[in-house]
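*Asks:*
2 protein chains.
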Amino acid sequence: MSAQQIANIELPTQHGASPVLDGAHLQPVSFFPAGTEIYAQGEKAGPLYQVEFGAVRVYRLLADGRRQISAFHMAGETFGFEADAMHHFFAEAINATGVRVLRIAPAADMSRQLLPLALKGMIRAQEHLLVLGRQNALERVAAFLVDMAERQGGLRQVDLPMSRMDIGDYLGLTIETVSRVFTRLKDKGVIRLLGLRSLEILKRDVLQDMGE
Amino acid sequence: MSAQQIANIELPTQHGASPVLDGAHLQPVSFFPAGTEIYAQGEKAGPLYQVEFGAVRVYRLLADGRRQISAFHMAGETFGFEADAMHHFFAEAINATGVRVLRIAPAADMSRQLLPLALKGMIRAQEHLLVLGRQNALERVAAFLVDMAERQGGLRQVDLPMSRMDIGDYLGLTIETVSRVFTRLKDKGVIRLLGLRSLEILKRDVLQDMGE
DNA sequence: CGTGGTGTTGATTACTTTCAAGATGTGTGG
DNA sequence: CCACACATCTTGAAAGTAATCAACACCACG
Chain A
890 MSAQQIANIE
900 LPTQHGASPV
910 LDGAHLQPVS
920 FFPAGTEIYA
930 QGEKAGPLYQ
940 VEFGAVRVYR
950 LLADGRRQIS
960 AFHMAGETFG
970 FEADAMHHFF
980 AEAINATGVR
990 VLRIAPAADM
1000 SRQLLPLALK
1010 GMIRAQEHLL
1020 VLGRQNALER
1030 VAAFLVDMAE
1040 RQGGLRQVDL
1050 PMSRMDIGDY
1060 LGLTIETVSR
1070 VFTRLKDKGV
1080 IRLLGLRSLE
1090 ILKRDVLQDM
1100 GE
Chain B
890 MSAQQIANIE
900 LPTQHGASPV
910 LDGAHLQPVS
920 FFPAGTEIYA
930 QGEKAGPLYQ
940 VEFGAVRVYR
950 LLADGRRQIS
960 AFHMAGETFG
970 FEADAMHHFF
980 AEAINATGVR
990 VLRIAPAADM
1000 SRQLLPLALK
1010 GMIRAQEHLL
1020 VLGRQNALER
1030 VAAFLVDMAE
1040 RQGGLRQVDL
1050 PMSRMDIGDY
1060 LGLTIETVSR
1070 VFTRLKDKGV
1080 IRLLGLRSLE
1090 ILKRDVLQDM
1100 GE
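Protein chains in written order, with this note's numbering: chain A, 890 to 1101; chain B, 890 to 1101.
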């Protein structure tokens, strides 16, 4: 666990859903300021983490600094499976983020709860492979926006907690290309930019088709 | 299960390792000729599969036919986690392949055995994301060859059970690009092509560095 | 010994990155 | 509350990489 962790706080869960794991609500919530590390590659893994509020990026680096974000995690989502005795990945708070640290006893009945979560993560990763391997810039951004919209309840307005750099590193694109695609979608009347980190989806069906 | 499945056969495990799952050796082995379907997207999922001999490709398709192979599975490896009540993926035998079908009872103690396998698959998928998102054609092919060599015991000679098309669809490249990179590696003296589906690694360190 | 499928090579095109400059926002301090 | 300053984002032009289109070579098979 990072030294940058500031404080343990206890507060009610922001999302109404019942805890993903039995007893999760009994665990303390840690606060991570924007940009701080939650766990690092090479650290001994063990606990799982549940986002209470804020957003988390999980990524891996090449020797020369190229970065691939494998997943974003929003409120209510569980992460930390990127572990196999040792973490293969870094996890950072994107914004001010509250994380419930779940120190799981590796009991058999716990595994039964963990398996569906792990499988969901694997299926997400493999779907992401299709995006990175076979879709162009426009399709990647469209798929990303549809995904973000769905994870925020399917509303027209979508909040992007992350920077263009993060989006680029998630989609395997540069920030310039991401920016150009946003402009293109805006010019086509598919989206409307409300702010840098907020937009409105005007033609969901078109966006959906783009992302296949 | 596909109608193309020809016969159930019983034969000793080709790889010496102990069964990945308790009682796996008690399950029957099915034979799939080259190119036949093991499971399809949309099929109800349930069993896991263990490759006895041959090789399997797991992939997903876009509406227009673009294909992304998310994983190859060789003798001794377990697959079929791409399931969440429904399969999200297709699985096909690449060559004549024997597959042990493991009809798992979803008991708690089974989950404990399954979790590590599922996690390994997820970590593999997320490492593959880095390759597809952030590496160029040369780096992708190099990483692929190093991976294949390692999975075949680290020998100098590597057998590729799959076609250039399969390799391309795994690495997010066209067959032409894959072919050109092979030629480039050959001209550099990094590899030697023994046949279309067989090569020798002459400079492992160079290859390793290329794949980062 | 054809013949079809696979693989290689070449020329051109298309897309994304890179490099560069300017615009827009955000946060801070006055 | 406004102004400044830094970071982030957008836009443009040039370069680079991989895709596409096309032709040919090579096997493997019947």
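Glycine included, each C-beta is placed from N, C-alpha and C at the ideal position.
Since this is a predicted model, take the numbers as computed values, not measurements.
If we call anything under 7 Å between Cβ atoms a contact, is Gln957 of chain A one with Leu1018 of chain B?
*Replies:* Yes, the pair counts as a contact, with Cβ atoms nearer than the cut-off.
*Asks:* To which residues does DSSP link Tyr948 of chain A through a beta bridge?
*Replies:* Per DSSP, A:Ile958, A:Phe979.
*Asks:* Can you have a look at Pro1050 of chain A and say buried or exposed, based on whether 16 or more other CB atoms are within 10 angstroms of its CB?
*Replies:* Under this definition Pro1050 of chain A is a buried residue.
*Asks:* In whole angstroms, give me the CA-to-CA distance for Ser907 of chain B and Glu966 of chain B.
*Replies:* For Ser907 of chain B, the pLDDT reaches just 49, beneath the cut-off of 50, and the residue's location in the model is therefore unreliable, although a value from the coordinates is still provided. Going from the Cα of Ser907 of chain B to the Cα of Glu966 of chain B covers about 12 Å.
*Asks:* How long is the line joining the alpha carbons of Gly1061 of chain A and Leu951 of chain B, rounded to whole angstroms?
*Replies:* When rounded, the distance between both Cα atoms is 19 Å.
*Asks:* Going by C-alpha distance, which of B:Phe978, B:Thr925, B:Asp1094, B:Ala1032 is nearest Val988 of chain B?
*Replies:* For Val988 of chain B, the nearest C-alpha among the options comes from B:Thr925.
*Asks:* Does the structure place the stretch 1069-1083 of chain B close enough to the stretch 1000-1009 of chain B that three or more beta carbon pairs sit under 8 Å?
*Replies:* As far as the Cβ criterion goes, the stretch 1000-1009 of chain B does not touch the stretch 1069-1083 of chain B, which means the pair count is below three.
*Asks:* Quick one: using the 10 Å Cβ neighbour count with 16 as the cut-off for buried, is Ala923 of chain B buried or exposed?
*Replies:* The residue in question, Ala923 of chain B, is exposed, as its Cβ has fewer than 16 Cβ neighbours within 10 Å.
*Asks:* Along the chain, which unbroken stretches of the beta strand (DSSP E) at least 3 residues long are found entirely within the stretch 1016-1081 of chain B?
*Replies:* 1046-1048, all fully within the stretch 1016-1081 of chain B.
*Asks:* Identify which residue in B:Val940, B:Glu1016, B:Glu981 has its Cα closest to the Cα of Arg949 of chain B.
*Replies:* Considering only alpha carbons, the answer is B:Glu981.
*Asks:* Locate the beta strand (DSSP E) running through Gln930 of chain A, then write down its first and last residues.
*Replies:* Counting along the chain, Gln930 of chain A falls outside any beta strand (DSSP E), and DSSP gives it neither H nor E.
*Asks:* Please tell me whether Phe942 of chain A and Ala960 of chain A are closer than 7 Å, where the distance is taken between their beta carbons.
*Replies:* Taking 7 Å as the Cβ cut-off, Phe942 of chain A and Ala960 of chain A do not qualify as a contacting pair.
*Asks:* Please decide whether His977 of chain B counts as near chain A, where near means a Cβ-Cβ distance under 7 Å.
*Replies:* Yes, contact with chain A.
*Asks:* Going straight from the alpha carbon of Arg955 of chain B to that of Glu1028 of chain A, what length do you get?
*Replies:* Approximately 13 Å between the Cα atoms of the pair.
*Asks:* Mind checking which residues open and close the alpha helix (DSSP H) that includes Arg1093 of chain A?
*Replies:* Element bounds for Arg1093 of chain A: 1093-1099.
*Asks:* Spell out whether any CB of chain A is found under 7 Å from the CB atom of Leu1019 of chain B.
*Replies:* Closer than 7 Å: yes.
*Asks:* Does the CB of Gly1061 of chain A have a neighbour CB from chain B at under 7 Å?
*Replies:* Output row for Gly1061 of chain A: interface = yes.
*Asks:* In the structure shown, what three-state DSSP assignment does Leu1085 of chain A receive?
*Replies:* Here Leu1085 of chain A sits in coil by DSSP.
*Asks:* Leaving aside the five residues before and after Leu1096 of chain A along the sequence, list all residues of the same chain whose C-beta is less than 7 Å from its C-beta, in chain order.
*Replies:* Excluding residues within five positions, the ones whose Cβ falls inside 7 Å are Ala1031, Leu1034, Val1035, Val1079, Ile1090.
*Asks:* How long is the line joining the alpha carbons of Asp1094 of chain A and Ser1087 of chain B, rounded to whole angstroms?
*Replies:* Going from the Cα of Asp1094 of chain A to the Cα of Ser1087 of chain B covers about 47 Å.
*Asks:* Within the same chain, show all residues whose beta-carbon is closer than 6 Å to that of His962 of chain A, passing over the 5 residues directly before and after it, in chain order.
*Replies:* These residues qualify, in order along the chain: Val940, Val945, Phe968.
*Asks:* Sorry if obvious, but does the Cβ on Leu1074 of chain B come closer than 6 Å to a heavy atom of the ligand SAM?
*Replies:* Looking at this structure, you won't find the ligand SAM or any other ligand, since it has none at all.
*Asks:* List the residues of chain B that Ser1000 of chain A touches, going by C-beta distances under 8 Å, in chain order.
*Replies:* By Cβ distance, chain B contributes Ala997, Ser1000, Arg1001, Leu1003, Leu1004.
*Asks:* State the beta-bridge partners of Leu1003 of chain A as determined by DSSP.
*Replies:* None; Leu1003 of chain A has no bridge partner.
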